[in-house]
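What the sequence shown shows, in my numbering, is residues 193 to 415, in sequence order.
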Amino acid sequence: MTVGSWGVLVVTVIMVTVGGLVDGHGAQASADASRTRSGRPHVTALPPSLGSNRAPARVAGTCRPVPKSTGYVNPVAGDVLVSERIDQGVDYAGSGTLTAIGPARITYVGTGETGWPGAFIEYRLLTGPDTGCFVYYAEGLTPAAGLRSGQRVRAGQVLANIIPGWATGIELGWGAGVSTKTYAEKTGRWTATDDADSVASAAGKSFSSLIAGLGGPAGRVEG
Numbered sequence: 193m194t195v196g197s198w199g200v201l202v203v204t205v206i207m208v209t210v211g212g213l214v215d216g217h218g219a220q221a222s223a224d225a226s227r228t229r230s231g232r233p234h235v236t237a238l239p240p241s242l243g244s245n246r247a248p249a250r251v252a253g254t255c256r257p258v259p260k261s262t263g264y265v266n267p268v269a270g271d272v273l274v275s276e277r278i279d280q281g282v283d284y285a286g287s288g289t290l291t292a293i294g295p296a297r298i299t300y301v302g303t304g305e306t307g308w309p310g311a312f313i314e315y316r317l318l319t320g321p322d323t324g325c326f327v328y329y330a331e332g333l334t335p336a337a338g339l340r341s342g343q344r345v346r347a348g349q350v351l352a353n354i355i356p357g358w359a360t361g362i363e364l365g366w367g368a369g370v371s372t373k374t375y376a377e378k379t380g381r382w383t384a385t386d387d388a389d390s391v392a393s394a395a396g397k398s399f400s401s402l403i404a405g406l407g408g409p410a411g412r413v414e415g
């Protein structure tokens, strides 16, 4: 074989080797891009305390709360409550505890400067018909000891104690996931006039139906 032939052979081998490496990298990049384009959300398995043999929760980016009780528990079970008006949520007076209706992550805990006449607690549901939706408990309540934002809680876990005799009672409803706003306010379906006229928002009615479906007292439509 001549010197010129050896040179051609070496160049050919180098081209084939480099081409294979490039093709392999391209295939991997294509696969990665395909996974990215699929749009599937990142899923994190629930900790053992929430049921490790259950399918991982998929939290939606947006939420349309529905008053379905499948898989949830009554958050006011055993409480002594008097139903009051439905507004942004559902108002009650009485005593007892407030528990999580399902496995959830706490998103807000505040006792002062909440914009409400009292405390504000919010959590995001991780399972069930309302996966991804936010629930808030507000006004005359005391958060459970150690409750903090980012904490995962189980269905039926006590989140707050109701303060008996609080002037405005308590309010439960669908949250917005934005500071201490409600779902009704976020979607532009609640105004100061609605409050003065005791208008029952669609979100408030929805949450009232959910509580009733779980065995708790429904709120009252007054406006």
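Glycine included, C-beta positions come from ideal geometry on N, C-alpha and C.
The structure displayed is predicted, hence computed values, not measured ones.
Query - Where alanine 347 sits in the DSSP three-state scheme - result: The count along the sequence shown starts at 1 and reaches residue 347 at position 155. Looking at alanine 347 - three-state DSSP - the assignment turns out to be coil, as it is neither helix nor strand.
Query raised in the report: Going by beta carbon distance, what residues of the same chain come within less than 6 Å of glutamate 414, once the five residues before and after it are set aside?
Result: Within the sequence shown, numbered from 1, the residue matching residue 414 stands at position 222. The answer, listed in chain order, is Arg277 and Ser390.
Query - valine 301 versus arginine 316: straight-line alpha-carbon distance, rounded - result: In the sequence shown, residue 301 corresponds to position 109, counting from 1. In the sequence shown, residue 316 corresponds to position 124, counting from 1. It is roughly 12 Å from the alpha-carbon of valine 301 to the alpha-carbon of arginine 316.
Query raised in the report: What is the rounded straight-line gap between the Cα of threonine 323 and the Cα of leucine 333?
Result: If you number the sequence shown from 1, residue 323 lands on position 131. If you number the sequence shown from 1, residue 333 lands on position 141. Looking at the two C-alpha atoms, the distance is approximately 25 Å.
Query raised in the report: Considering only the beta carbon of each residue, do glycine 367 and glutamate 314 sit closer than 8 Å?
Result: The residue you call residue 367 lines up with position 175 of the sequence shown. The residue you call residue 314 lines up with position 122 of the sequence shown. Yes, the pair counts as a contact, with Cβ atoms nearer than the cut-off.
Query - Beta-carbon spacing of leucine 290, alanine 352 below 8 Å - result: For the purposes of this step, residue 290 is taken as residue 98 along the sequence shown, with counting starting at 1. For the purposes of this step, residue 352 is taken as residue 160 along the sequence shown, with counting starting at 1. Yes, the pair counts as a contact, with Cβ atoms nearer than the cut-off.
Query raised in the report: Shortest alpha-carbon distance to alanine 336 belongs to which of Val350, Gly408 and Arg344?
Result: Your numbering for residue 336 matches position 144 in the sequence shown. With distances taken between Cα atoms, alanine 336 lies closest to Val350.
Query raised in the report: What number of angstroms, rounded off, separates the C-alpha of valine 274 from the C-alpha of tyrosine 329?
Result: Numbered from its first residue, the sequence shown carries residue 274 at position 82. Numbered from its first residue, the sequence shown carries residue 329 at position 137. Distance between the alpha carbons of valine 274 and tyrosine 329 is about 16 Å.
Requested in this report: Give the DSSP-derived three-state secondary structure of isoleucine 293 in the structure shown.
Outcome: What you label residue 293 is simply residue 101 of the sequence shown in a count that begins at 1. DSSP, reduced to helix, strand and coil, places isoleucine 293 outside both helices and strands of the structure shown, so it counts as coil.
Requested in this report: Just mark arginine 187 as buried or exposed, buried being the case when its beta carbon has 16 or more other beta carbons within 10 Å.
Outcome: Here the chain comprises residues numbered 193 to 415, so residue 187 is not present and cannot be evaluated.
Query raised in the report: If you run the structure through DSSP and keep just helix, strand and coil, what is aspartate 386?
Result: As a working mapping, residue 386 is identified with position 194 in the sequence shown. Reduced to three states, the DSSP call for aspartate 386 is helix.
Requested in this report: Inspect the beta-carbon positions of aspartate 283 and glutamate 363 and report whether they are closer than 8 Å.
Outcome: Start at 1 with the first residue of the sequence shown, and residue 283 comes out as number 91. Start at 1 with the first residue of the sequence shown, and residue 363 comes out as number 171. Remark: C-beta atoms of aspartate 283 and glutamate 363 approach each other more closely than 8 Å.
Query raised in the report: Contact check, serine 287 vs proline 356 under 8 Å by CB: the rounded distance?
Result: In the sequence shown, counting from the first residue as 1, residue 287 sits at position 95. In the sequence shown, counting from the first residue as 1, residue 356 sits at position 164. Yes, serine 287 and proline 356 are in contact; Cβ-Cβ is about 4 Å, under 8 Å.
Query - Buried versus exposed call for alanine 311 [16 or more other C-beta atoms within 10 Å across all chains shown] - result: Locating residue 311 in the sequence shown gives position 119, counting from the first residue. Burial check for alanine 311: the Cβ neighbour count within 10 Å reaches 16 or more, so the residue is buried.
Query raised in the report: In chain order, what residues of the same chain have a beta carbon less than 7 Å from the beta carbon of threonine 299, not counting five sequence neighbours either side?
Result: Within the sequence shown, the letter at position 107 stands for residue 299. Excluding positions up to five away in sequence, the list reads Glu314, Tyr315, Arg316, Phe326, Ser341 and Gly369.
Query - First through last residue of the alpha helix (DSSP H) which encompasses glutamate 377 - result: As a working note, residue 377 is residue 185 in the sequence shown. In this chain, the alpha helix (DSSP H) harbouring glutamate 377 covers 375-378.
Query raised in the report: Nearest CA to the CA of threonine 319: which residue from Ile354, Ala285, Ser261 and Trp382?
Result: Within the sequence shown, the letter at position 127 stands for residue 319. Among Ile354, Ala285, Ser261 and Trp382, the Cα nearest to that of threonine 319 belongs to Ser261.
Report task. Within 10 angstroms of the Cβ of arginine 297, are there 16 or more other Cβ atoms? Answer buried if so, exposed if not. Result -> Stepping through the sequence shown from its first residue, residue 297 is reached at position 105. That one is buried.
Query raised in the report: Among residues of its own chain, excluding the 5 on either side of proline 321, which ones have a beta-carbon nearer than 6 Å to its beta-carbon?
Result: Within the sequence shown, numbered from 1, the residue matching residue 321 stands at position 129. Result list for proline 321: Val258, Lys260 and Thr262, in chain order.
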